[in-house]
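Asks: My numbering applies: residue 178 is where the sequence shown begins, and numbers increase by one.
Quick reminder that beta carbons are idealized off the backbone N, C-alpha and C, glycines included.
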Amino acid sequence: MSPSTTPEARAGALRQQLDQWNHEYYVLDQPSATDAEYDSALRELQQLESEHPELLRADSPTQRVGAAPLPGFSEVRHDMPMLSLENAFDDDELARFHARVVERLGGEEAIDYVCEPKLDGVAVSLLYEEGSLVRGATRGDGTTGEDITLNVRTVRSIPLRLRGEGYPRRLEVRGEIYMLHSSFEALNAAARKRGDRPFVNPRNAAAGSLRQLDPRVTATRPLQMCCYGVGHVEDGVLPDTHEGIMRELAGWGLRVSRDAATVRGLEGCLDYYERLAKRRQELPYDIDGIVYKVNDLAQRERLGFVSRAPRWAIARKFPAQEATTRLLDVEFQVGRTGAITPVARLEPVFVGGVTVSNATLHNFNEIARLDVRVGDLVVVRRAGDVIPQVVSVREKAPAAGAGEVLLPTCCPACQSPVEREEGGAILRCLGGLVCPAQRKAALRHFASRRAMDIDGLGERLVDQMVDSGLVKTVDDLYRLDREQLLSLERMGEKSADNLLAALEASKSTTLARFLFALGVREVGEATARSLAAYFGNWEALAAGDEERLQDVDDVGPIVADHLRQFLDSPSAMAVVAGLREAGVHWPEVDMPGSAAPAGPLAGETWVVTGKLESLTREEAATALQSLGARVSGSVSAKTSVVVAGPGAGSKLARAESLGLTVIDEAALLARLREAGVAV
Ligand code: IVH
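(1) Go ahead and label D256 buried or exposed: buried means 16 or more other beta carbons lie within 10 angstroms of its beta carbon, across all protein chains shown.
(2) Quick one: Cα of A454 to Cα of V299, how far?
(3) What are the boundary residues of the alpha helix (DSSP H) that includes P594?
(4) Quick check: is any heavy atom of the ligand IVH less than 8 Å from the C-beta of K470?
(5) So if DSSP puts L604 in a beta bridge, which residue, or which two residues, is it bridged to?
(6) Opposite L504 in the DSSP bridges: which residues?
(7) Threshold first: 4 residues or longer. Then list the alpha helix (DSSP H) segments lying entirely within the stretch 198–276, N to C.
(8) Return yes when the Cβ of E307 is within less than 9 Å of the Cβ of R346, no when it is not.
(9) Could you check what DSSP says for W783 in three-state terms: helix, strand or coil?
(10) Is it right to say V568 is buried, meaning 16 or more other beta carbons lie within 10 angstroms of its own, or is it exposed?
(11) In three-state terms, what does DSSP make of C588?
(12) Give the straight-line distance between the Cα atoms of A800 and V820, rounded to the nearest whole angstrom.
(13) Anyone know if the C-beta pair for V511 and A614 falls short of 9 Å?
(14) Just to confirm the assignment, what range does the alpha helix (DSSP H) spanning P747 have?
(15) Is there a C-beta anywhere in chain B that falls below 9 Å from the one on G760?
(16) Considering only residues of the same chain and omitting the five flanking positions on each side of D652, which have a CB-CB separation below 7 Å?
(17) Mind checking whether the beta-carbon of V332 lies closer than 8 Å to any heavy atom of the ligand IVH?
(18) Leaving out five residues on either side along the sequence, give the residues of the same chain with a beta carbon under 6 Å from the beta carbon of E765.
(19) For the alpha helix (DSSP H) containing C446, list its first residue and its last residue.
(20) Is V857 near the ligand IVH, in the sense that its beta carbon is under 8 Å from a heavy atom of that ligand?
(21) Between the alpha carbons of D289 and L337, how many angstroms are there, rounded?
(22) So for Q401, helix, strand or coil by DSSP?
(23) Helix, strand or coil: how does DSSP classify S625 here?
(24) Helix, strand or coil, according to DSSP, for E323 in the structure here?
(25) Going by the CB atoms, is the gap between S334 and D236 shorter than 9 Å?
(26) Could you tell me which residues DSSP puts in a beta bridge with D289?
(27) Since I believe V350 is in contact with V407 (beta carbons under 8 Å), could you give me their beta-carbon distance rounded to a whole number of angstroms?
(28) In this structure, how does DSSP classify Q727 when only helix, strand and coil are distinguished?
(29) Would you check if the distance between the CB atom of N472 and the CB atom of T418 is smaller than 9 Å?
(30) Could you check where the beta strand (DSSP E) with I464 kicks off and where it finishes?
(31) If you compare alpha carbons, which of R513, R254, D506, G530 is closest to T537?
(32) Name the residue from V643, A218, L232 whose alpha carbon lies nearest to the alpha carbon of G824.
(33) Put H539 into one of helix, strand or coil per three-state DSSP.
(34) Using a Cβ-Cβ cutoff of less than 6 Å, which residues in the same chain neighbour G352 once the five nearest sequence positions on both sides are dropped?
(35) Distance check for A618 and M642, CA to CA, integer angstroms please.
(36) If I measure Cβ to Cβ from T182 and keep anything under 6 Å in the same chain, skipping five residues before and after, which residues do I get?
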């Protein structure tokens with residue numbers, strides 16, 4: 178803080194900055210700050226507020242998560258009832274809705290409708306007074322809901338304070354709280370890993386998260402809010418169309434649908450249905466239909482309501498993403514790393530727009546949890562681009578015990594012994610490359626588009642190559658000659674030549690792709706990219722010990738351990754050598770992480786924490802690395818120096834408890850200048 182800045186002004190500036198970053202990240206999906214910058218500003222604000230409690234405000238970004246669990250939720254009476262919608266299940270029903278609207282409006286056909294995805298989550302009401310969020314409530318029975326204020330406050334896309342100006346003094350905003358597929362999958366993967374019960378679908382996950390009496394639990398759940406209307410409004414004027422209101426809400430910092438559109442007449446509605454239905458599986462969230470709403474508020478007024486639903490809106494439902502079918506069998510698939518996955522073979526069923534006959538059962542704990550048996554009626558879910566899954570048992574097969582799913586006692590592909598991991602959830606074949614299923618999976622992964630991108634090397638060919646014994650490890654691919662390829666079934670001369678050309682072309686790659694293609698456990702595309710960017714070349718990576726490997730973003734102790742095991746395995750290294758001998762190559766770069774440390778700070782490990790004034794932490798790290806220092810994200814007994822700016826928290830405390838050298842920004846700048854770095 179410069180001497181001229183008062184704590185009050187600094188707190189104000191920090192709040193504004195943090196709100197802006199939050200808005201960019203959670204509402205616009207366009208982050209501009211790094212996590213480190215955000216954390217550092219948040220810590221500085223927390224520090225200021227704890228030193229000057231008079232500066233604390235309920236809508237401060239530090240106040241999202243409340244401290245104590247509630248004994249229960251209290252009731253909220255909605256000032257304006259939260260209605261439901263009538264449904265249309267086909268085009269005819271939609272046409273009848275439009276005809277009714279036209280008739281009631283005196284025959285005018287050219288009605289403008291706003292079309293919005295019907296989000297499959299939980300309806301909520303948010304009340305803002307003087308721009309501050311004062312209450313969040315569930316819909317309940319439409320008249321009375323539950324007060325979930327503390328929980329909605331933890332949802333990052335809900336502003337605690339509206340942005341800009343011109344909002345009514347009292348404004349009730351309505352919308353849906355839901356969970357993105359990616360968040361839902363990650364949440365369930367973590368639950369399965371812990372042996373906890375996963376959520377059946379994103380809607381249940383969102384509802385369950387909002388029902389928590391402890392807001393600290395809700396705060397860990399990745400919830401999202403999208404607004405689709407307003408309720409009670411006092412002292413303020415809103416635009417006279419739905420479209421206009423949505424634009425205002427967006428301007429005040431609320432998230433509104435980016436997939437909404439305003440169309441004209443029935444034709445426009447049908448056209449929007451076609452377009453959205455096509456995109457349904459690509460959308461990152463679940464929708465169960467489309468909501469069509471008359472855009473003009475004066476027309477809405479004239480249309481009015483029937484019982485509990487407006488006459489000016491309708492929900493056109495999509496085919497369900499869950500369906501019931503019979504489990505015919507459970508088979509076991511062996512993946513690239515030997516993990517054996519149970520796969521359900523199903524009586525074909527139409528779900529989420531396609532016919533599904535296979536679905537994943539995830540792992541063996543899941544089979545036990547579901548207590549699923551062959552012959553049971555099961556619920557299958559297919560949403561987004563995730564693999565269809567069996568989520569529950571609807572009805573047990575009549576003959577109890579008949580179809581019990583027996584766990585394999587050896588690898589179904591190579592009969593090697595198996596091992597149970599992760600609390601019994603994962604069964605792994607110990608056959609390694611002896612196992613043809615693992616070989617095939619490794620080859621398919623190696624050849625895949627995002628790895629070595631070997632055009633034309635599909636599943637059927639991989640199976641043949643492995644079954645005939647032509648290919649055992651991935652480097653064998655590059656030793657195949659034309660004769661050998663022609664010996665494979667249904668392989669013509671042209672295809673053989675094309676495949677040889679594709680193999681040749683794939684030799685010129687990047688380190689990131691190569692690393693990903695090797696299929697090291699837990700090393701996905703992003704991690705491979707981070708490793709390549711950090712080390713720049715193979716030799717530096719191979720020489721990195723576990724600690725150094727963990728300096729790379731995304732690499733924790735588990736990934737570092739898998740990597741080290743791989744790099745220390747003579748057979749794996751023989752494959753890498755074989756690939757490089759065959760001519761697989763990539764541009765190599767000398768990177769800070771790979772350069773043999775030299776310079777005045779060689780051998781020292783530095784940690785930079787807290788907020789710096791005249792340079793960013795990244796700039797400080799680069800300057801220190803240029804002098805040969807290793808810059809780490811965590812403080813340990815091996816740390817040489819900790820640079821601590823304002824707001825430094827646990828790292829500073831740890832450094833102090835370890836008795837490490839701690840310096841401030843001024844001392845850092847002096848050291849850098851002394852060593853000849855221009856800062
Ligand atoms: S408008 C009076 N718009 O669908 C109109 N609802 O059955 C009230 N929903 O409980 C709702 N997306 O939770 C509206 N874009 C959207 C929606 C939407 C999802 C839910 C909402 C409501 C239910 C209506």
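Replies: Per the coordinate set shown:
(1) The residue is exposed, with fewer than 16 neighbouring Cβ atoms inside 10 Å.
(2) Rounded to whole angstroms, A454 to V299 spans 22 Å at the Cα level.
(3) DSSP places P594 in no alpha helix (DSSP H); its state is neither H nor E.
(4) Checking the 8 Å criterion, the Cβ of K470 is within range of a heavy atom belonging to the ligand IVH.
(5) Partner(s): I517, R597.
(6) Looking at the DSSP output, L504 shares a beta bridge with L523.
(7) Fully enclosed alpha helix (DSSP H) runs of 4 or longer: 212–228.
(8) For the pair R346 and E307, the CB atoms are nearer than the 9 Å cut-off.
(9) Reduced to three states, the DSSP call for W783 is strand.
(10) Sixteen is the threshold: when 16 or more other Cβ atoms of the shown chains lie within 10 Å of the Cβ of V568, as they do, the residue is buried.
(11) Three-state DSSP puts C588 in coil, outside helix and strand.
(12) Each residue's alpha carbon lies about 13 Å from the other.
(13) Yes. Within cutoff.
(14) From DSSP, the alpha helix (DSSP H) with P747 extends over 747–758.
(15) No chain B appears in this structure, which consists of one protein chain only.
(16) The residues are V752, G755, L756, A759.
(17) No, the Cβ of V332 stays beyond 8 Å of every heavy atom of the ligand IVH.
(18) Answer for E765: N714, listed in chain order.
(19) DSSP places C446 in the uninterrupted alpha helix (DSSP H) bounded by 442–456.
(20) With the chain covering only 178 through 856, there is no way to say anything about residue 857.
(21) Computed Cα separation, rounded: 33 Å.
(22) Looking at Q401 - three-state DSSP - the assignment turns out to be strand.
(23) For S625, the three-state secondary structure derived from DSSP is coil.
(24) Correct three-state label for E323: strand.
(25) Contact: no.
(26) Paired residue(s): R441.
(27) Rounded, the Cβ-Cβ distance is 6 Å, consistent with contact.
(28) DSSP places Q727 in coil when its eight states are reduced to three.
(29) Taking 9 Å as the Cβ cut-off, N472 and T418 qualify as a contacting pair.
(30) It spans 464–471 - the beta strand (DSSP E) in which I464 sits, taken as one unbroken run.
(31) The shortest Cα separation from T537 among R513, R254, D506, G530 belongs to D506.
(32) Checked all of V643, A218, L232; the closest Cα to G824 is A218.
(33) Looking at H539 - three-state DSSP - the assignment turns out to be coil, as it is neither helix nor strand.
(34) The residues are M402, C403, C404, Y405.
(35) So the two alpha carbons sit approximately 12 Å from each other.
(36) No residues qualify anywhere along the chain.
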